[in-house]
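Enquirer:
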């Protein structure tokens, strides 16, 4: 990891550059595959699954027998852990429900807002080097709480045509409607356009590689909604003298092992802390099965010393990290000044992996700086907000003249007439 001491502000933007995740080179490939799926449906899905995943499938949908067998294959220890995570995620997302509140904006004018679930949603679950059964919980549970009528899940099968058992077990727990053995661009195209086998959905959720990201962006232009823009995983740690170097190193590595294009950054106002963390990183790294992946990510990463906590906060808000750990004595006070972050972890005993799995918060978060404008997945991600208004005759007599004046000023006379005709009839 690159060590940087007291960088001036005019160098921060360069220092905070993320690994190049440009998608320009994959858009054409993604567009071609999506067009083929739109024209040829299931035949195209089977063709690309053979091409990219190396498996010939007679049937795209996972059968109930396969789900039952997968549930039997998952160990009792893992089932117990998943059930704990499920309970916490349900509790946290249930708390996000809001009650309808009717507001009388002026006498005779009542307005309210109602949350209505999106009818059909699609969940994409990566199944490559690290099958993310935890993401099934993170995406499926709020969909069920919101009341989505249909929840479709796509995840790639292995070369034997089998889906990871833990993914199927988690899907069975959270009430996923249908599961398909589809990965990559073909999965996104199937859910965006619908085929004879795969139903069309209104919104697609879930992480993925560059090809999945490019496909999601393309279909979101006119065909279907998506959860958020996404890029490689990342974490930023703010640490002072109260932090534990071993803890910080473990958090940096927990994100570095996600992928070679991940990025981890430590900010501290204690110069000697850098050496302690660097030593811990090297020591812990040797024992990791995904050591080579983590090493590549660390090459894109930084250890930075700044003069003050205020500078640390400024740099943090400029970076807008996906995950932010505040390992500082006044962690909650510091957290109150954070304006850009996906999810924040406070204190020495809140590892980022808690949010990835089981604390209850959602781990599907904006990356690549998008946390400066986007939120992570939450219950509202699965809802539409419909506004209502009911105006009495008395209310229109009070509000109507203002509407008429404004409509006339904008030269929209039919708008004005919609009020004027009513007021005239009431005056007879």
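In full-length UniProt numbering, the protein residues as written are 1 to 428.
Where a beta carbon is used, it is the ideal one built from N, C-alpha and C, also for glycine.
If we call anything under 7 Å between Cβ atoms a contact, is residue 201 one with residue 180?
Expert: Here the question's residue 201 lines up with position 201 in the chain shown. Here the question's residue 180 lines up with position 180 in the chain shown. Their beta carbons are not under 7 Å apart, which means residue 201 does not touch residue 180 by this criterion.
Enquirer: For residue 149, I'd like the list of residues in its chain whose CB is within less than 6 Å of its CB, leaving aside the five on either flank, ordered along the chain.
Expert: Counting from 1 along the chain shown, the entry for residue 149 is found at position 149. Within the same chain, residue 149 has close Cβ partners 119.
Enquirer: Given a threshold of 16 other Cβ atoms within 10 Å of its Cβ, counted over all protein chains shown, does residue 364 qualify as buried or as exposed?
Expert: Within the chain shown, numbered from 1, the residue matching residue 364 stands at position 364. That one is buried.
Enquirer: Using a 10 Å radius around the Cβ and a threshold of 16 neighbouring Cβ atoms, would you call residue 19 buried or exposed?
Expert: Within the chain shown, residue 19 is the residue found at index 19, counting from 1. Flag for residue 19 reads buried.
Enquirer: Measure the alpha-carbon distance for residue 134 versus residue 209 and round it to whole angstroms.
Expert: In the chain shown, counting from the first residue as 1, residue 134 sits at position 134. In the chain shown, counting from the first residue as 1, residue 209 sits at position 209. Residue 134 and residue 209: Cα-Cα distance of roughly 17 Å.
Enquirer: Rank 107, 123, 125, 100 by C-alpha distance to the C-alpha of residue 113 and give the top, closest one.
Expert: Along the chain shown, one-based indexing puts residue 113 at 113. The candidate whose alpha carbon is nearest that of residue 113 is 100.
Enquirer: Curious, which full-length beta strand (DSSP E) runs of at least 3 residues does the segment 261-311 contain?
Expert: Runs found: 263-268, 302-305.
Enquirer: Label residue 261 either buried or exposed according to how many other C-beta atoms from any shown protein chain fall within 10 Å of its C-beta, with 16 as the threshold for buried.
Expert: Numbered from 1 along the chain shown, position 261 holds the residue referred to as residue 261. Counting Cβ neighbours within 10 Å, residue 261 comes out buried, since at least 16 surround it.
Enquirer: Alpha carbon to alpha carbon, how far is residue 372 from residue 397?
Expert: Taking the first residue of the chain shown as 1, we reach residue 372 at position 372. Taking the first residue of the chain shown as 1, we reach residue 397 at position 397. Cα to Cα, residue 372 sits roughly 44 Å from residue 397.
Enquirer: Return the bridge partner residues of residue 179 from the DSSP annotation.
Expert: Reading the chain shown from its first residue, position 179 is the one you call residue 179. Answer by DSSP bridge pairing, in chain order: 153.
Enquirer: Buried or exposed, going by whether 16 or more other CB atoms sit within 10 Å of the CB of residue 280?
Expert: Translated into the one-based positions of the chain shown, residue 280 becomes position 280. Flag for residue 280 reads buried.
Enquirer: Can you list, in chain order, the residues of its chain with a C-beta nearer than 6 Å to that of residue 342? Leave out the 5 residues immediately preceding and following it.
Expert: Along the chain shown, one-based indexing puts residue 342 at 342. Here the set comprises 322, 365, 366, 371, 376.
Enquirer: Grab the span of the beta strand (DSSP E) containing residue 203 for me, first residue to last.
Expert: In the chain shown, the residue the question calls residue 203 occupies position 203. From DSSP, the beta strand (DSSP E) with residue 203 extends over 203-205.
Enquirer: In the segment 329-386, which residue ranges form an unbroken alpha helix (DSSP H) of at least 4 residues, counting only runs that do not cross its ends?
Expert: The segment 329-386 contains these whole alpha helix (DSSP H) runs: 331-335, 352-357.
Enquirer: For the segment 348-359 and the segment 297-308, state whether three or more C-beta atom pairs, one from each stretch, are separated by less than 8 Å.
Expert: Contact between the segment 348-359 and the segment 297-308 is absent, because fewer than three Cβ pairs lie under 8 Å.
Enquirer: So, helix, strand or coil for residue 326, using DSSP?
Expert: One-based indexing of the chain shown puts residue 326 at position 326. Reduced to three states, the DSSP call for residue 326 is strand.
Enquirer: When the Cα of residue 416 is compared with those of 425, 362, 403, 71, which residue comes out closest?
Expert: Residue mapping note: residue 416 aligns to position 416 of the chain shown, counting from 1. For residue 416, the nearest C-alpha among the options comes from 403.
Enquirer: Quick one, are the C-beta atoms of residue 159 and residue 62 less than 7 Å apart?
Expert: Position 159 of the chain shown, counting from 1, holds the residue named residue 159. Position 62 of the chain shown, counting from 1, holds the residue named residue 62. Cβ atoms of residue 159 and residue 62: not closer than 7 Å.
Enquirer: Can you tell me whether residue 115 is helix, strand or coil according to DSSP?
Expert: Here residue 115 corresponds to residue number 115 of the chain shown, with the count starting at 1. The answer is strand: DSSP assigns residue 115 an E or B state.
Enquirer: Can you tell me where the alpha helix (DSSP H) holding residue 245 begins and where it ends?
Expert: Position 245 of the chain shown, counted from the start, is the residue given in the question as residue 245. Here the alpha helix (DSSP H) through residue 245 covers 245-256.
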